[in-house]
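Participant: First, the structure itself, so that you have it in front of you.
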Amino acid sequence: MIDEETKQKAMGRLSRIEGQVQGVQRMVEEGKCCVDILLQLSAVQGALEQVRKILLGRHIESCVAEAMASGRAEDRQKKIEELLDVFSRYGR
């Protein structure tokens, strides 16, 4: 479950990303230079990566830490597998 502080951080960044995407849409509609559009898309990707890091960090600090402290081997194993899956998908 996401806590309020993390939610606010993520939502703030997502709102800025929404504005960036709208800016990219305008650039495409206006026929701006492809390189400029690609640079803006790279900025959007970087911003999304930051949101992913915020959420992953919170998940590790809360859900994973709780599972590790619970003493239940099956809970720990489930969270370890979950993290391995996330890291294999996103690789950073």
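By the working numbering, the letter at position 65 of the sequence shown is numbered 65, and the numbering carries on one by one without gaps.
By construction, the Cβ of each residue, glycine as well, lies at the ideal position given by its N, Cα and C atoms.
By the 10 Å Cβ neighbour count, where 16 or more other Cβ atoms means buried, how is residue 58 classified, buried or exposed?
Facilitator: Residue 58 sits at position 58 when you count from the first residue of the sequence shown. Buried.
Participant: From residue 47 to residue 27, what does the alpha carbon distance come to, in whole angstroms?
Facilitator: The residue given as residue 47 occupies position 47 in the sequence shown. The residue given as residue 27 occupies position 27 in the sequence shown. Between residue 47 and residue 27, the C-alpha separation is close to 18 angstroms.
Participant: When burial is assigned at 16 or more other CB atoms within 10 Å of the CB, is residue 79 buried or exposed?
Facilitator: Indexing the sequence shown from 1 puts residue 79 at position 79. So residue 79 counts as buried.
Participant: In angstroms with no decimal places, state the Cα-to-Cα distance between residue 72 and residue 32.
Facilitator: If you number the sequence shown from 1, residue 72 lands on position 72. If you number the sequence shown from 1, residue 32 lands on position 32. When rounded, the distance between both Cα atoms is 57 angstroms.
Participant: Assuming residue 51 and residue 89 are in contact, meaning their beta carbons sit under 8 angstroms apart, how far apart are those beta carbons, in whole angstroms?
Facilitator: Within the sequence shown, numbered from 1, the residue matching residue 51 stands at position 51. Within the sequence shown, numbered from 1, the residue matching residue 89 stands at position 89. Not a contact, Cβ separation roughly 15 angstroms.
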